[in-house]
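Be aware that the sequence shown starts at 1, since it is given in the UniProt record's numbering, and climbs by one per residue. We treat Cβ as the ideally placed atom computed from N, Cα and C, and that holds for glycine. A short worksheet on the structure shown next.
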Amino acid sequence: MVTAIVIPILIGYFYWITKKETKKQKERWKNLSLVPSEARLVGNLLSIHTENKRFYHQLYILETICLIQNDYGLTTVVYRQPFTPTSNPPSFSKGDQLQIVGSWDGEVFLAGDMKVVNRKRQP
1 MVTAIVIPIL
11 IGYFYWITKK
21 ETKKQKERWK
31 NLSLVPSEAR
41 LVGNLLSIHT
51 ENKRFYHQLY
61 ILETICLIQN
71 DYGLTTVVYR
81 QPFTPTSNPP
91 SFSKGDQLQI
101 VGSWDGEVFL
111 AGDMKVVNRK
121 RQP
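So this is what it looks like as structure tokens:
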């Protein structure tokens, strides 16, 4: 008799916890590209690499890692955005001068907004 009452309550409780966690992770996934505008970085693009990464269960992110050369040396810039069928990676090429707004996370610069200041001319 006790089992008939306790087991459905446990299943309902764990279902509720799972739904709550999924909702929280989906909100984090949607706000992934919202990085506080605390600093600005200007420099030349040396390399760019974009890949898909799993964020949470069926949610993926598009992560672009750029190596920027500026007056202070080399800086690694990470730009993350939610991966959807309409999302496109940034279309920059090597040699472009970029202005990046974002925040520092240790030695890595987290980008919130990336703009081309000067595009490298093709020969």
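Beta-carbon separation (whole angstroms), residue i vs residue j, contact threshold 8 Å
i      : j      : result
Leu10  : Trp29  : In fact, because the Cβ distance is near 28 Å, the residues do not count as touching under 8 Å.
Thr75  : Leu98  : Wrong, their Cβ atoms sit about 11 Å apart, outside the cutoff.
Gly112 : Ser37  : 6 Å
Gln81  : Ile100 : Rounded, the Cβ-Cβ distance is 14 Å, inconsistent with contact.
Ala4   : Gly102 : Not really, about 55 Å apart at Cβ, beyond 8 Å.
Residue of the options minimising C-alpha distance to residue i
i     : options                         : result
Ser93 : Ile61, Asn44, Lys20 and Met1    : Asn44
His49 : His57, Ser33, Leu67 and Phe55   : Leu67
Phe55 : Asp71, Glu27, Val77 and Gly73   : Glu27
Val77 : Ser87, Val35, Thr18 and Gly12   : Val35
Tyr72 : Ser87, Ser91, Glu107 and Asn118 : Glu107
Leu32 : Asn118, Val6 and Lys53          : Lys53
Continuous beta strand (DSSP E) stretch holding residue i: start and end
i      : result
Glu51  : Ala39 to Tyr56
Leu110 : Val108 to Asn118
Val35  : Element bounds for Val35: n/a, residue is neither H nor E.
Asn88  : Run containing Asn88: none; DSSP gives neither H nor E here.
Ser103 : Gln97 to Asp105
With 16 other Cβ atoms within 10 Å as the buried cut-off, status of residue i
i      : result
Asp105 : exposed
Phe109 : buried
Phe83  : buried
Met1   : exposed
Asp96  : buried
Tyr15  : exposed
Tyr79  : buried
Residue interval of the alpha helix (DSSP H) (run including residue i)
i     : result
Gly12 : Val2 to Lys30
Heavy atom of the ligand FAD within 8 Å of residue i beta-carbon
i    : result
Ile7 : Absent from the structure shown: the ligand FAD. Ligands present: none.
Own chain, CB closer than 6 Å to residue i, minus 5 neighbours either side, in chain order
i      : result
Gln25  : Tyr56
Lys115 : Gln99
Residues near residue i in its chain [Cβ-Cβ closer than 7 Å; skip 5 each side]
i     : result
Gln69 : Gly43, Asn44 and Leu46
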